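Student: If you scroll down you'll find the structure; I have some questions about it.
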Amino acid sequence: MTPGNELLFLALGGSGEIGMNVNLYGTQGKWVMVDCGITFADPGYPGIDVILPDLAFIEERLGDLLGIVLTHGHEDHIGALPYLAADLGVPLYATPFTAGLIRGKLEEEGVADQVRLHVIDREHGRFELGPFSFDYVPLAHSIPEGNALVIGTPYGRIFHTGDWKLDDAPMLGTPSTAEELRAIGDAGVLALVCDSTNVFNEEASGSEGAVRAGLDQAIRGAEGRVLVTTFASNAARLATLADVARDTGRRICVAGRSLDRILKVARSVGYLRDFPETVDFDAAMKLPPREVMIIATGGQGEARAALGRIAFDQHPIKLDAGDLVVFSSKQIPGNEIAIGRIQNALAARGIRMITDRQAHVHVSGHPGRPELEAMYEWIRPEIILPVHGERRHMAEQARFALEQGVPRAIVQENGQMVRLAPDGPAIIGHERAGRLMLDGDVILPADGATMQERRRIASYGQISVALALNASGRLVGEPQVRVQGVPVEEDKDDFLIEAADAAGEAARAAPRELEKLREAVRLAVRRKAVEWTGKKPIVDVLVITL
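Per this note's numbering, the very first residue in the sequence shown carries number 937; after that it's consecutive.
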């Protein structure tokens, strides 16, 4: 679809899910993209860490795509750029801190010279792309330079919030005031495209400044080493932890490459300049335990992150019984099992833990109901279009906004084309909006043949059968059988003998036609596996002709 004399909205990610945000706006034959993020794979994708958005819709219309505008630097908003931006071939636009994170990602992937990255000034962040204009509007979030966008179009202005919250005492940056946001509303806003993550929270998310007191209290009484784990990108929390380290008389040791990267980028653009000098792993272990605070990645249970390796004693940083681990982050839904695994390992070693359920050691970066209500009052949109949430979050925000006096609402999901104007809002079509997976260095459909095969092998196991035929098509020797993941552990040798016998009998009785012989052997071996185990493993048959 090519947008005509209308204003269209299409989410290719982030609507109906939390993560992988990709939003398209279209008018006068042109499209712009806001954000291009990833999500992290759940156990239903064995062997996969990163899920990417399927951008086939806009890839088929690259001549009409003007650019990608980034609201802030979280992975679910910029994480897909290293893998997709070079092929899209359009310029990127971001404020300095976000641009620094993007540049580092592009360099790591070796595509920095293939992507045009425009750095937009924090103070005067206005630019135009075809029929669109963009103004950056600073909002508080859990990363420097969280921004909303005021998007000017021929059919009215869009206020696209990105991720946001209200914070009277932010640690980094200066968010827009109520007066500044009200002025945007005074000038007229057609649609508010708004973060829905915390819509069920009856209370405001709280200020980053208030976390300092909670962390001080949690850490001050600790006699041993203290490890605090938080999201690496939460530079505001890093600033808070620097203050807490000073308050409690501890030196800081940083464990995690992503933390090092965030500190480097933040300092390069003027943030965290007073972050104390850190000590390395060896120095941290030589300090009296009462004098060290470790800041580590891995609070979501990532096995290869610093905390996971420390928990299983596979890291230069060591923790002992009586030491304290503080989870200064929210448990993301879906990560419960992985986090529980880490916490159980720590508990088994006598290490104490404090989470946000026990003490005030974390605040969210997303708006609760009081903050949403305030934003509606300031912006006064004609339409509310919730994004950044599962269906239940978005439906609740639409209902809540209507209650607060917003005239119209629309709830959409990835792939649903929305006309905002004229005569909107309305869903007018459905477009492809799928998922891709990053499998090693290869990008594949997330539910394609590779993943289907991997799931089947994970569920049923696999048997390999090799047999040799002479020039007349007759079996030579005995078939060789190998099993992986088939539940025949104690009786494996006996099973292999019977499976090989079944393969040999089938090969001798089968027609000489190769494919029919292969299929006869496959079915015979699988029947034997079902007889022994009740499962139907994947059976691969290799035939060698001598």
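By construction, the Cβ of each residue, glycine as well, lies at the ideal position given by its N, Cα and C atoms.
Since this is a predicted model, take the numbers as computed values, not measurements.
(1) Since PHE1263 is in the beta strand (DSSP E), which residue starts that stretch and which ends it?
(2) Any idea if THR1110 is buried or exposed, counting beta-carbon neighbours within 10 angstroms, 16 or more meaning buried?
(3) Does the beta-carbon of SER1141 have 16 or more other beta-carbons within 10 angstroms, so that it is buried, or is it exposed?
(4) Could you tell me which residues DSSP pairs with SER951 in its beta bridges?
(5) Which residues bound the beta strand (DSSP E) around TYR981?
(6) When the distance is taken between beta carbons, is PRO1224 closer than 9 Å to ASP1256?
(7) From GLY955 to ILE974, what does the alpha carbon distance come to, in whole angstroms?
(8) Between the Cα of ASP1122 and those of TYR1312, GLY1150, LEU1163, spot the shortest distance and give me the residue it belongs to.
(9) Using three-state DSSP, classify ASP1484 as helix, strand or coil.
(10) Apart from the five residues on each side of it in sequence, which residues of its chain come closer than 7 Å, Cβ to Cβ, to LEU1411?
(11) Run through DSSP, which three-state label would LEU1453 get?
(12) Looking at LEU1374 and ILE984, is the spacing between their C-beta atoms short of 9 Å?
(13) Measuring CA to CA, which of ALA1247, PHE1033, VAL1026, LEU1356 is closest to GLU995?
(14) In three-state terms, what does DSSP make of GLN964?
(15) Can you tell me whether GLN1294 is helix, strand or coil according to DSSP?
(16) Check whether the region 1097 to 1113 and the region 1259 to 1276 touch, using three or more Cβ-Cβ pairs below 8 Å as the test.
(17) Can you tell me the Cα-Cα spacing of ILE1198 and ALA1239, whole angstroms?
(18) Looking at the unbroken beta strand (DSSP E) that takes in HIS1054, where does it start and where does it end?
(19) At what residues does the alpha helix (DSSP H) containing GLY1040 begin and finish?
(20) Taking Cβ positions, are GLN1420 and GLN1388 nearer each other than 9 Å?
(21) Please give the ranges of any beta strand (DSSP E) in the region 1352 to 1406, keeping only runs that are unbroken, at least 3 residues long and fully inside the region.
(22) If we call anything under 9 Å between Cβ atoms a contact, is PRO1018 one with LEU1042?
(23) Which residues bound the beta strand (DSSP E) around ASP1430?
(24) Tell me, please, which residues DSSP counts as bridged to MET937.
(25) Should the region 1355 to 1366 be regarded as contacting the region 964 to 979, the criterion being three or more beta carbon pairs within less than 8 Å?
(26) Please work out which residues of its chain come closer than 7 Å, Cβ to Cβ, to GLU1326, disregarding the five sequence neighbours upstream and downstream, and give them in chain order.
Tutor: Answer, in terms of the structure:
(1) 1260 to 1263 is the span of the beta strand (DSSP E), which, as asked, contains PHE1263.
(2) Only exposed fits THR1110, as fewer than 16 other CB atoms lie within 10 angstroms of its CB.
(3) So SER1141 counts as buried.
(4) DSSP lists GLY1325 as partners of SER951.
(5) No beta strand (DSSP E) contains TYR981, which DSSP labels as neither H nor E.
(6) By the CB criterion at 9 Å, ASP1256 and PRO1224 fall outside the cutoff.
(7) Going by the C-alpha atoms only, they are around 6 Å apart.
(8) Cα-wise, what sits closest to ASP1122 is TYR1312.
(9) Outside the shown range of the chain (937 to 1482) lies residue 1484, about which nothing can therefore be said.
(10) Around LEU1411: LEU1403, LEU1405, GLY1440, ALA1443, ARG1444.
(11) Looking at LEU1453 - three-state DSSP - the assignment turns out to be helix.
(12) Their beta carbons are under 9 Å apart, which means ILE984 touches LEU1374 by this criterion.
(13) Relative to the Cα of GLU995, the nearest Cα in the group ALA1247, PHE1033, VAL1026, LEU1356 belongs to VAL1026.
(14) The DSSP-derived three-state label of GLN964 is coil.
(15) In the structure shown, GLN1294 sits in coil (DSSP, three-state: anything other than H, G, I, E or B).
(16) As far as the Cβ criterion goes, the region 1097 to 1113 does not touch the region 1259 to 1276, which means the pair count is below three.
(17) A direct Cα-Cα distance of roughly 20 Å separates ILE1198 from ALA1239.
(18) Its beta strand (DSSP E) spans residues 1053 to 1055.
(19) 1032 to 1045 is the extent of the alpha helix (DSSP H) around GLY1040.
(20) At a Cβ-Cβ threshold of 9 Å, GLN1420 and GLN1388 do not count as neighbours.
(21) Whole beta strand (DSSP E) segments, 3+ residues: 1352 to 1357, 1362 to 1366, 1371 to 1375, 1378 to 1381, 1398 to 1405.
(22) At a Cβ-Cβ threshold of 9 Å, PRO1018 and LEU1042 count as neighbours.
(23) For ASP1430, there is no enclosing beta strand (DSSP E); the enclosing alpha helix (DSSP H) covers residues 1428 to 1445.
(24) In DSSP, MET937 forms no bridge with anything.
(25) Of all C-beta pairs linking the region 1355 to 1366 to the region 964 to 979, fewer than three are shorter than 8 Å, placing the two stretches out of contact.
(26) Excluding sequence neighbours, GLU1326 sits near GLY952, GLU953, ILE954.
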